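One structure below.
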Amino acid sequence: MQLQTYAKIGICVGVGMAVIFTVIGVVGASNQLQENWLLLTINKDKLMAEMKVLPSVILFTEKYPDHYYQENLNRHNTQLEVYAYDFDTGNTLRLNINYDIWDERFREYVRCDINDNKYRKSLGATEEFTGGFLKVLLQEGRAEDQYAYDFIKYTNCLDIGNNDASQEPEIVAPEYGDIPTYTISVPQGSSVPGCEEIAHCFEPEEITIKVGEIIEWKNYDDAMHTITSGNPEDGPTSLFDSGLAEPDATYALKFNSVGKFDYFCMVHPWQTGSITVVK
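Per this note's numbering, the very first residue in the sequence shown carries number 37; after that it's consecutive.
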């Protein structure tokens, strides 16, 4: 009797497992048939034509006339890739458009690949961009879907490393024995608000020099100060920073790049100045 009971249990278990696997197989086959049906009914040529008139693709092709396409039309995928390449820098901007057959929507992905890693941190917005949210995406070097259009519009991807304006400005410490071309004073009393009203926080507050010339700051105040690139509103730009300069301390820099460089004191943010470098 006990053997017969075990046999019956075994038969029931076997039948149950068979039913489960049959159901799984039917569901899997049904899903596969559904996917195959979707793939068969999709007009891939029509999808490709629709991809090429998406706003992000139109913007890309207008901004980069020397672009080129790579189309992928196969059983499982409809994909359009648009590339722009700069032969001088080796930088590449790539836009990828995919069609999601389940959501029935286009998915967009754009990426900037910078050939020389020393310029990677220079990826930023072009001058016409005034927003804030995109800066994070630019630092990451990529964007997806609704952000792809703005990334393409405002990124300076292909310009990085291509000219002096797009490169990190060269501002260095002078060699030992180099004589400063100009001296800027940090006046006595500039640690107290009010000096900004009479342009007396740095003397001179604004100065124009030539490429390769050296500026030395000297602290004539009783308080410690910093010479930090940037401004109080946006913060430091990391181009240069003296750290805390004690009374009578000096700090010197050699400017080897053209441009305008604002700076301020992080301890006393009403102290601001600017240096314009010309050729």
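Even for Gly, the Cβ is constructed at its ideal location relative to N, Cα and C.
Here the structure is a predicted model, which is why all the values come from computation and not from measurement.
Would you give the residue range spanned by the alpha helix (DSSP H) that residue i belongs to?
i: S92; result: 91-99
i: A85; result: 80-87
i: Y190; result: 184-190
Alpha carbon to alpha carbon, what distance is there between residue j and residue i?
i: I243; j: H261; result: 19 Å
i: V118; j: Q106; result: 6 Å
i: V222; j: V314; result: 24 Å
i: K296; j: P305; result: 19 Å
i: I220; j: E269; result: 23 Å
i: M84; j: P210; result: 58 Å
i: E239; j: E206; result: 24 Å
i: Y104; j: K88; result: 12 Å
i: K99; j: D277; result: 37 Å
i: P216; j: S293; result: 17 Å
i: Y190; j: C237; result: 36 Å
i: R143; j: I250; result: 52 Å
i: I137; j: L131; result: 19 Å
i: A288; j: A179; result: 40 Å
i: P272; j: S310; result: 13 Å
i: D200; j: G230; result: Low local confidence applies: a pLDDT of 43 at D200 is under 50, so the model's placement there is unreliable, and no value is given.
i: R156; j: G177; result: Summary for R156: the model assigns pLDDT 48, below 50, so the residue's position carries little reliability, and this model does not support an answer.
i: S245; j: Y218; result: At residue 245 the sequence reads Ile, which differs from the Ser that was named. Each residue's alpha carbon lies about 9 Å from the other.
i: D214; j: V208; result: 12 Å
Restricting to Cα atoms, I'd like to know which of the options is closest to residue i.
i: C193; options: D136, S221, F96; result: F96
i: Y121; options: I150, D270, F238, F276; result: I150
i: F123; options: D195, F142, E86, P268; result: D195
i: D102; options: C231, G248, T128, N134; result: T128
i: T125; options: T114, C148, D136, I137; result: C148
i: T114; options: D81, S226, P229, L131; result: D81
i: E320; options: L131, Q307, D214; result: With the chain covering only 37 through 315, there is no way to say anything about residue 320.
i: V32; options: W138, N108, F291, N79; result: The structure shown has nothing for residue 32, since the chain only spans 37 to 315.
i: Y135; options: E86, E252, I245; result: E86
i: E140; options: V146, N79, D214, G177; result: N79
i: D181; options: S226, V146, T312; result: V146
Starting from residue i, trace the beta strand (DSSP E) in both directions and tell me its first and last residue.
i: L131; result: 128-136
i: Q115; result: 114-121
i: V146; result: 141-149
i: Y218; result: 218-222
i: T266; result: The sequence as given places Gly at residue 266; Thr does not occur at that position. Residues 264-267.
i: E252; result: 250-255
i: A235; result: Unbroken run through A235: none, as it is neither H nor E.
i: P179; result: Sequence inspection shows Ala at residue 179; the Pro mentioned does not correspond to that position. That run of the beta strand (DSSP E) goes 178-180.
Is there at least one Cβ from chain C nearer than 8 Å to residue i's Cβ?
i: P205; result: Looking for chain C here will not work: only one protein chain is present.
Does the structure place the region 182-189 close enough to the region 81-92 that three or more beta carbon pairs sit under 8 Å? yes
contact_flag[the region 293-304, the region 251-265] where n(CB pairs < 8 Å) is 3 or more: yes
For the region 240-257 against the region 276-292, do three or more pairs of beta-carbon atoms, one drawn from each stretch, fall closer than 8 Å, so that the two count as touching? yes
For a minimum of 4 consecutive residues, which ranges assigned as the alpha helix (DSSP H) are wholly contained in the region 272-311? none
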